[in-house]
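Q: Numbering (this note's numbering), first residue to last: 12 to 60.
Encoded as C-alpha cells, here's the structure I'll be asking about.
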C-alpha cells in the first residue's frame, strides 16, 4: 500500500490517470466496495480517451 499523497502524484504521471480512495478500505477494498469499484471501472472504460 502507498500513501494517498503518492497515489495522486503517480496518477498525475499517467495519461488519464485517476485515483479513487474508498473509505475505510485496505487491501480488501475489492470485497468491501465491490459495487462502487465495478461502477468506477465501467465508467473509466466507457470514457473516451
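Think of the CB as a built atom: it goes at the ideal place given N, C-alpha and C, for glycine as much as any other residue.
(1) How many whole angstroms separate the CB atoms of residue 45 and residue 33, which I take to be in contact at a CB cut-off of 8 Å?
(2) Measuring alpha carbon to alpha carbon, tell me which of 29, 37, 41 ends up nearest residue 58.
(3) Mind checking whether residue 40 and residue 48 have CB atoms under 8 Å apart?
(4) Kindly list the residues whose CB is nearer than 7 Å to the CB of residue 60, restricted to its own chain and excluding five residues on each side of it in sequence; keep chain order.
A: Working from what's here:
(1) 10 Å between Cβ atoms; not a contact.
(2) 29
(3) Yes, Cβ-Cβ distance for residue 40 and residue 48 is below 8 Å.
(4) 27
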